[in-house]
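These notes are about the structure you will find just below.
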Amino acid sequence: MCLAAVPVLDHNPILLSTLGLLLIAIGTGGLKPCIAAFGAEQFRLPEQRELLRYFFSVFYFTINLGGFVGMVVTPIMKKAVSCFGDDTCYVLGFGFPAALMLLSI
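Sequential numbering from 70 applies to the sequence shown in our numbering.
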């Protein structure tokens, strides 16, 4: 999706946006259900039941906090910076989260 936002490239933005959304859907659908299960598997039950509850509370909070921050910060970055002669910078709005995702690997 980041490449679809660059206006100087000669490409079909609808095709690239659709491909980006498809890759995001596959990645999220394949990864998100497994993360909580793999995290919970690290605890020994019944002696660590309280730690398991704490893990799920912190896990749920951080996942939702990350989504909230992304929903707030991305539009601000898109609007605050101008690039390629436009008033908005979709490249930064999509590129910054993509760069953070690459750093997390």
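All residues carry an ideal CB built from backbone N, CA and C; glycine is no exception.
Please read all numbers here as calculations on a predicted model, not as lab measurements.
Around the C-beta of L169, are 16 or more other C-beta atoms found within 10 angstroms, so that it is buried, or is it exposed? With fewer than 16 other Cβ atoms within 10 Å, it is exposed.
Only counting the same chain, and skipping five residues up and downstream in sequence, which positions put a Cβ closer than 6 Å to that of G162? Within the same chain, T143, M146 and K147 come within 6 Å of G162 by CB-CB distance, once the 5 residues on both sides are set aside.
Taking 9 Å as the cut-off, decide whether the C-beta atoms of G108 and F130 are in contact. No Cβ-Cβ contact shorter than 9 Å links G108 with F130.
Count the other CB atoms within 10 Å of the CB of C103; is the residue buried (16 or more) or exposed (fewer)? It counts as exposed.
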